[in-house]
Each structure stands twice: as structure tokens, then as C-alpha cells.
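Shown next, in C-alpha cells, is the structure this report addresses.
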Amino acid sequence: MTSMTVTPPEPVASRQIIIGVDTHKYAHVAVAIDHLGARLAAQHVAANREGYAQLEAWAAALAGNGRVIAYGVEGTGRYGVGLASFLRRTGRRVIEVNRGDRRSRRSNGKSDTLDAEAAARAVLGGQATAVPKSADGTAEMIRQIKIARDTARKAKTSAIITLKALIVTAPADLREHLAGTSDKVLIDRCASLRPGAVNSPTASAKHALRTLAKRYQALEAEIREHDTILDDLTRSHAPTLREGLGIGADTAAEMLIVFGDNPDRVHSEAVFAKLCGTSPVPASSGMTNRHRLSRAGHREANAALYRAVIVRMRFHEPTIKYVARRTAEGLSKRDIIRCLKRYLAREVYQAVMTDHRARQAVPTSASQGTLDL
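The opening residue of the sequence shown carries number 1 in the UniProt record's numbering; numbering runs sequentially from there.
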């Protein structure tokens with residue numbers, strides 16, 4: 001892609017600059033501002049390694065004898081993941097910037113350059129402070145496998161729903177043959193149908209049902225394969241987390257996806273609870289003084305915490321006693337689950353950080369052992 005460069009002003013020795021980047025699939029747009037908020041220059045580069053190096057060299061030349069404080073990058077989990085990874089490997093500070101305020105966009109208009117400048121100003125003003133995920137380790141592997149598993153599960157559900165709907169309108173003899181069976185028996189019977197030549201409504205119905213049943217079976221096998229991989233990855237990467245009651249491979253995977261491969265970016269268990277949407281926020285009005293759970297955050301992680309809490313409410317004796325005590329105090333089941341999700345978020349955070357610290361200690365111990373020899 002042909003790059004377009006706006007000629008930068010002369011470097012200033014004491015200048016400190018911030019680079020904001022609006023990322024796209026094939027090209028990125030960057031805008032530089034200084035530490036006083038003055039806009040300096042803009043740059044368009046290709047979204048590849050050559051473009052990333054060009055962007056870094058442009059920023060360094062612009063800073064002169066000063067320094068680049070940070071890069072504010074939009075979409076670090078999507079189009080900006082390659083740029084963020086490149087900058088991090090070169091020792092640059094990268095800040096994740098969310099999409100700009102819609103009201104501001106309506107007032108000031110929208111363009112790639114304006115979005116890039118807004119990203120830089122979000123870093124300068126302190127609105128953007130989040131460290132992006134590194135996406136270069138086991139957590140990224142888990143995320144990719146989890147996406148494949150979840151889409152296969154949705155397709156499997158869609159296949160059996162479609163199959164059952166098709167049976168309702170199938171010819172009477174075929175419908176009666178398949179009626180009143182369990183899902184497993186139904187799938188097996190449909191998969192064993194022999195339609196022959198498709199020259200009648202019965203034959204076409206058999207062909208369609210057989211195809212859907214075969215699809216269901218193939219997706220079921222695929223999901224089992226994904227589950228095996230997720231189980232192995234989560235057990236090896238987060239053994240302490242997996243020891244928790246009700247935290248299986250699926251729940252552990254969602255938790256690790258939230259943390260990413262650099263859990264230190266989540267500074268406290270309160271931050272993690274907010275990321276999962278389990279932190280209480282004020283919901284008071286008039287004389288009432290209440291709280292509710294945040295509806296922001298990672299909704300899949302929130303759902304995973306909910307499933308784990310439900311399991312504990314049935315099989316975990318301390319949780320059962322807690323529920324009984326809080327019920328006697330007048331709390332509703334919904335409020336009790338809210339409290340339990342918050343407690344579980346704290347437990348998950350401590351478990352993940354314990355495993356993270358253990359992994360960090362392994363290379364240190366190995367190097368010390370080598371020196372002792």
C-alpha cells in the first residue's frame with residue numbers, strides 16, 4: 001500500500017510525544033501529539049511488519065532527542081493485535097484504547113485521522129490506561145480453541161433443532177417411525193436412514209434428516225476433541241484454578257481468556273471482578289440504598305461464574321450453609337448468587353495469580369541451579 005506522510009515539524013530536544021493509532025484490516029492511521037496536547041503530524045502505513053517498522057521509525061524521528069511516551073492503539077484484540085505485539089517486542093509502551101465517545105463523534109465528525117488523534121488524547125488525558133493482552137502464549141491458544149468449540153456447539157444445537165422441525169412436516173410413516181425417541185436414538189435412527197433415489201417426498205425427507213444427523217454426529221466428535229485439548233491446556237497452565245469445585249475446563253478457559261497471557265495487567269481482584277461484570281455498582285434512589293451487578297464486562301466469563309456458583313450451591317457444603325444463613329437474613333436467591341459470584345471472582349483471581357507466579361519462578365530456579373553447578 002502507498003503510504004502518505006504529513007511532513008513533521010522539527011524535532012525538539014525535550015519533546016515527549018504520544019502516538020494514537022486507528023487500526024484497520026489493511027492499513028493503520030497514526031497521529032502524534034506532544035505532552036502539551038498539540039497535534040504534530042499524521043501517518044498512514046500498511047498493516048504488516050514493514051508498515052509497523054515504518055510507523056515506529058516515523059515516531060522516533062518525530063521525537064528527536066525526546067521520547068515516545070506511549071502508543072494508544074484501538075482494536076488491540078483485533079486489527080491492532082499485530083501492531084501491539086510488534087511494539088511490545090521492541091520495548092514500546094502500548095495502551096489499549098476503546099472506541100471513541102459517540103456524542104463527540106456526532107459533534108466533531110469522524111475520520112481515521114480524527115479517531116487516531118482521539119486515541120492519542122485518551123492516553124494523554126488518562127482515560128485510556130489498560131495494558132492489552134500479549135496474545136502470545138497458552139491463554140491465546142485456549143481462546144482460539146474455545147472459539148472453535150463454541151461455534152461447533154451452536155451449530156450442533158442448530159442441527160438438532162432443524163432436524164426435529166423437519167420431522168414435524170415429514171410424511172406420516174417416517175414421522176411415526178421417529179416419534180417418541182430420545183435425542184441419541186433419534187440421531188442414530190436418522191443417520192441410518194437409506195433414502196435411495198430422491199424421487200419422492202419421503203426420500204427427500206430421509207436424505208435431509210440423514211444429512212442433519214451426520215452433521216450432528218460430526219460436530220459432537222469435534223466438540224469432544226476441543227474439550228480434550230482445553231482440559232489438557234487448562235490443567236497444565238492453571239492447576240490451582242482447576243482444583244476449585246465447579247471449575248471445569250470450560251469455566252477455567254473463560255477465566256484465562258479474560259486474564260490473557262500477561263495476568264499482571266489485571267492489577268487486583270476488584271479489577272478482575274469488574275472485568276467479569278460481578279462488581280457491585282450503586283443503584284440507589286430516594287430513601288433506598290441498594291447495589292446491583294455491573295452489566296458491563298466479559299459476559300461469557302460472567303456466565304461461567306454463574307454456572308460454577310450453581311454447582312457449588314448444590315454440592316459445596318460451605319456454600320450450602322452460606323445460602324441457608326443469608327436466606328434466613330432475608331436475602332433473595334438473586335442477591336445471594338450476586339454475592340457468591342463476587343466471592344468466586346476473588347477466589348479465581350488468587351488462583352490464577354498463584355499459578356502465574358509459579359510459572360515465573362521456574363526459570364529463576366533453573367538459572368540459579370545452573371549457577372550453583
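Glycine included, C-beta positions come from ideal geometry on N, C-alpha and C.
### Message
If we require 3 or more residues per run, which beta strand (DSSP E) segments fall completely within the UniProt domain "Transposase IS110-like N-terminal" (19-166)?
### Response
27-34, 39-46, 67-74, 94-97
### Query
Using a Cβ-Cβ cut-off of 6 angstroms (strictly less than) and excluding sequence neighbours within five positions of H316, which residues of its own chain qualify?
Translated into positions along the sequence shown, residue 316 becomes position 316. So the qualifying residues of the chain are L245.
### Query
Would you call the region 153-167 and the region 249-263 touching, i.e. three or more CB-CB distances under 8 angstroms?
no
### Query
How many angstroms separate the CA atom of M1 from the CA atom of I167?
For the purposes of this step, residue 1 is taken as residue 1 along the sequence shown, with counting starting at 1. For the purposes of this step, residue 167 is taken as residue 167 along the sequence shown, with counting starting at 1. Only weak support is given to the placement of M1: the predicted model assigns it a pLDDT of 47, under 50, and the value that follows is read from those uncertain coordinates. Cα to Cα, M1 sits roughly 54 angstroms from I167.
### Message
Let's see if you can read the secondary structure: which residues bound the alpha helix (DSSP H) around V271?
### Response
Taking the first residue of the sequence shown as 1, we reach residue 271 at position 271. Residues 269-275.
#### Entry: C-alpha gap between E56 and T23, whole angstroms
Taking the first residue of the sequence shown as 1, we reach residue 56 at position 56. Taking the first residue of the sequence shown as 1, we reach residue 23 at position 23. Straight-line Cα distance between these residues: approximately 15 angstroms.
### Message
Can you tell me whether H237 is buried or exposed? The criterion is at least 16 other CB atoms within 10 Å of its CB, across all chains shown.
### Response
The sequence position of residue 237 within the sequence shown is 237, counting from 1. Buried is the call here.
### Task
Could you check what DSSP says for V352 in three-state terms: helix, strand or coil?
Position 352 of the sequence shown holds residue 352. V352: helix per DSSP, three-state reduction.
### Task
Return the CA-CA distance between A318 and L256, expressed in angstroms with no decimal places.
Your numbering for residue 318 matches position 318 in the sequence shown. Your numbering for residue 256 matches position 256 in the sequence shown. It should be pointed out that residue 318 corresponds to Pro in this sequence rather than to Ala. Those two C-alpha atoms are separated by around 25 angstroms.
### Task
Determine the burial state of E329: buried for a count of at least 16 other Cβ atoms within 10 Å of its Cβ, exposed for fewer.
Looking up residue 329 in the sequence shown gives position 329. It is exposed - the Cβ of E329 has fewer than 16 other Cβ atoms within 10 Å.
### Message
Quick test of your reading: C276 and L305, contact by CB under 8 angstroms. State the CB separation rounded to the nearest angstrom.
### Response
The residue labelled residue 276 in the question sits at position 276 within the sequence shown. The residue labelled residue 305 in the question sits at position 305 within the sequence shown. Yes, they are in contact, since the Cβ atoms of C276 and L305 sit about 6 angstroms apart, within 8 angstroms.
### For Q16: DSSP bridge partner residues
Here residue 16 corresponds to residue number 16 of the sequence shown, with the count starting at 1. Bridge partners of Q16: R67.
#### Entry: Proximity to L163 [Cα-Cα], best of G137, T202, A213
On the sequence shown, position 163 is the one that residue 163 refers to. Checking every option, the nearest Cα to that of L163 belongs to A213.
### Query
Skipping 5 residues on each side, what residues in its chain have a beta carbon closer than 6 angstroms to that of I145?
By 1-based counting over the sequence shown, the position of residue 145 is 145. So the qualifying residues of the chain are H226, I229, L230.
#### Entry: Status (buried if at least 16 other CB within 10 Å, exposed otherwise) for R302
The residue you call residue 302 lines up with position 302 of the sequence shown. Note that residue 302 corresponds to Asn in the displayed sequence, not to Arg. With 16 or more Cβ atoms within 10 Å of its Cβ, N302 is classed as buried.
### Message
Is the separation between the beta-carbon of residue 405 and that of G66 shorter than 9 angstroms?
### Response
The question about residue 405 has no answer here: the residues shown for the chain are numbered 1 through 373.
### Query
Per DSSP, what kind of secondary structure is P239 in: helix, strand or coil?
Start at 1 with the first residue of the sequence shown, and residue 239 comes out as number 239. Reduced to three states, the DSSP call for P239 is helix.
### Query
Skipping 5 residues on each side, what residues in its chain have a beta carbon closer than 8 angstroms to that of A179?
The residue you call residue 179 lines up with position 179 of the sequence shown. Same-chain partners within the cutoff: I167.
### Task
Out of I18, G64, R49, V352, state which residue places its alpha-carbon closest to the alpha-carbon of A42.
The residue labelled residue 42 in the question sits at position 42 within the sequence shown. The candidate whose alpha carbon is nearest that of A42 is I18.
### Message
Can you tell me whether T251 is buried or exposed? The criterion is at least 16 other CB atoms within 10 Å of its CB, across all chains shown.
### Response
Along the sequence shown, one-based indexing puts residue 251 at 251. It counts as buried.
### Query
By how many angstroms is the C-alpha of D136 removed from the C-alpha of L371?
The sequence position of residue 371 within the sequence shown is 371, counting from 1. The sequence position of residue 136 within the sequence shown is 136, counting from 1. Residue placement at L371 is flagged as unreliable, the pLDDT there being 44, under the threshold of 50; a coordinate-derived value is accordingly withheld.
### CB of A205 within 9 angstroms of CB of A170, strictly
In the sequence shown, the residue the question calls residue 205 occupies position 205. In the sequence shown, the residue the question calls residue 170 occupies position 170. Yes, Cβ-Cβ distance for A205 and A170 is below 9 angstroms.
### Task
Determine, using beta carbons only, whether A122 and V81 come nearer to each other than 9 angstroms.
Position 122 of the sequence shown, counted from the first residue, corresponds to residue 122. Position 81 of the sequence shown, counted from the first residue, corresponds to residue 81. The answer is no: Cβ separation not under 9 angstroms.
### Query
What is the residue span of the alpha helix (DSSP H) that N302 lies within?
Taking the first residue of the sequence shown as position 1, residue 302 is located at position 302. Here the alpha helix (DSSP H) through N302 covers 299-315.
### Query
If K341 sits next to V311, beta carbons under 8 angstroms apart, how far is it from one beta carbon to the other, in whole angstroms?
The residue labelled residue 341 in the question sits at position 341 within the sequence shown. The residue labelled residue 311 in the question sits at position 311 within the sequence shown. Contact doesn't hold; Cβ gap of about 13 angstroms is too wide.
### Query
Taking 9 angstroms as the CB-CB limit, is A30 close to chain D?
Protein chains in the displayed structure number just one, and chain D is not present.
#### Entry: Whether A61 touches V73 by CB criterion (9 angstroms)
To locate residue 61, count along the sequence shown from 1; it is residue 61. To locate residue 73, count along the sequence shown from 1; it is residue 73. Going by C-beta atoms, A61 is not nearer than 9 angstroms to V73.
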